[in-house]
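Presented below is the structure to which this report refers.
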């Protein structure tokens, strides 16, 4: 089976940097995704890692260490609109594109 | 930007009734999915669909659930006899591929259909 852990809640200040961690255990690994979800809305894709290292996309970066079963999402220059839930999702190997989601980290950005 | 569209946005039904949730995936996508999210809980996989057949399903997707691609554009989820515990937001998603190539395997989600079973 798969087990994905993320902190439930985080609070950060506008303009700051925040790091949201995700640890996972899976039988086979075929990629890790980060999605953003505002309340009552659909998850929207942020980033994808399948190899170790850092992927940077503007204000958002994601890091993966497969040997440690660990990823983080880094958000820079926080804006109020970044207040949302951030979902870590793992894709298992063996074909298919099924994602297993963590419970999400609710980020609150304050002034 | 291409999007996945879902209808209805909200449906209220009585327990035991049949419900059909509709989705129009992105037009050049080949892989289709249904996920659900019970209020306050995590997003859960239900089923994936490719080449007119189910490629994978979860334990949630029992005999009460079915999916269909009745024409070249729609992808539907049917719940035959709804239960109270089926109340959730149902998300349709699609992707152009499922390999390791970045972009092709990214799931694009629709805005969801909120199902309330009374």
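Protein chains in written order, with our numbering: chain A, 60 to 170; chain B, -5 to 112.
Just so it is clear, CB atoms sit at the ideal spot from N, CA and C, and this is done for glycine as well.
Treat the numbers as computed from the prediction; the structure is a model and nothing was measured.
Could you spell out where the beta strand (DSSP E) holding residue i opens and where it closes?
i, result
"residue 134 of chain A", "129 to 134"
"residue 141 of chain A", "No beta strand (DSSP E) holds residue 141 of chain A; DSSP gives it neither H nor E."
"residue 5 of chain B", "4 to 7"
"residue 64 of chain A", "61 to 64"
"residue 108 of chain B", "107 to 111"
"residue 61 of chain B", "59 to 62"
"residue 43 of chain B", "38 to 44"
"residue 47 of chain B", "47 to 51"
"residue 151 of chain A", "It is not in any beta strand (DSSP E) - residue 151 of chain A carries neither H nor E in the DSSP assignment."
"residue 26 of chain B", "25 to 31"
"residue 70 of chain B", "69 to 73"
"residue 14 of chain B", "13 to 18"
What's the call for residue i, buried or exposed, on a 16-neighbour Cβ count within 10 Å?
i, result
"residue 139 of chain A", "exposed"
"residue 6 of chain B", "exposed"
"residue 108 of chain A", "buried"
"residue 98 of chain A", "exposed"
"residue 48 of chain B", "exposed"
"residue 112 of chain A", "exposed"
"residue 84 of chain A", "exposed"
"residue 33 of chain B", "exposed"
"residue 164 of chain A", "buried"
"residue 130 of chain A", "buried"
Looking at C-alpha atoms only, which residue of the options is the closest neighbour of residue i?
i, options, result
"residue 103 of chain B", "A:65, A:94, A:63, A:81", "A:94"
"residue 101 of chain A", "B:112, B:105, B:111", "B:105"
"residue 39 of chain B", "B:52, B:10, B:83, B:11", "B:52"
"residue 10 of chain B", "B:77, B:72, B:101", "B:77"
"residue 115 of chain B", "B:85, B:23, B:48", "Lying before the first or after the last residue shown, residue 115 of chain B is absent from chain B, which here runs from -5 to 112."
"residue 59 of chain B", "B:68, B:42, B:65, B:67", "B:42"
"residue 109 of chain B", "B:89, B:15, B:54, B:-4", "B:15"
"residue 107 of chain B", "B:2, B:62, B:35, B:45", "B:2"
"residue 134 of chain A", "A:76, A:69, A:148, A:122", "A:76"
"residue 68 of chain B", "B:49, B:54, B:21", "B:21"
"residue 160 of chain A", "B:23, B:36, B:8", "B:36"
"residue 99 of chain B", "A:106, A:143, A:84", "A:106"
"residue 45 of chain B", "B:25, B:88, B:74, B:8", "B:25"
"residue 89 of chain B", "B:111, B:8, B:12, B:18", "B:18"
"residue 63 of chain A", "A:128, A:118, A:119, A:96", "A:128"
"residue 71 of chain B", "B:80, B:29, B:79, B:61", "B:61"
"residue 157 of chain A", "A:67, A:79, A:87, A:82", "A:87"
"residue 80 of chain A", "A:120, A:142, A:110", "A:120"
"residue 74 of chain A", "A:141, A:136, A:125", "A:136"
"residue 151 of chain A", "A:142, A:65, A:125", "A:125"
"residue 65 of chain A", "A:71, A:72, A:78", "A:78"
*Which residues, taken in chain order from the stretch 98 to 111 of chain B, show a beta carbon closer than 9 Å to some beta carbon of chain A?*
Identification of residues in the stretch 98 to 111 of chain B having a C-beta nearer than 9 Å to some C-beta of chain A yields 99, 100, 101, 102, 103, 104, 105, 106, 108, given in sequence order.
*Near-chain B residues of the stretch 131 to 147 of chain A (beta-carbon distance less than 8 Å), N- to C-terminal order*: 146
*In the stretch 70 to 127 of chain A, which residue ranges form an unbroken beta strand (DSSP E) of at least 3 residues, counting only runs that do not cross its ends?*
77 to 85, 91 to 96, 103 to 108, 112 to 116, 119 to 124
*asked:* By the 7 Å beta-carbon criterion, what residues does the stretch 26 to 60 of chain B contribute toward chain A?
replied: For the stretch 26 to 60 of chain B, which is checked against every Cβ of chain A, the residues closer than 7 Å are 36, 37, 39, 42, 49, 50.
*Proximal residues, the stretch 73 to 103 of chain A versus chain B, C-beta separation under 9 Å*: Within the stretch 73 to 103 of chain A, the residues whose Cβ lies closer than 9 Å to some Cβ of chain B are 89, 90, 92, 94, 96, 99, 100, 101, 102, 103, listed in chain order.
_chain B contacts from the stretch 154 to 170 of chain A (Cβ-Cβ distance under 9 Å)_ = 154, 155, 156, 157, 158, 159, 160, 161, 162, 163
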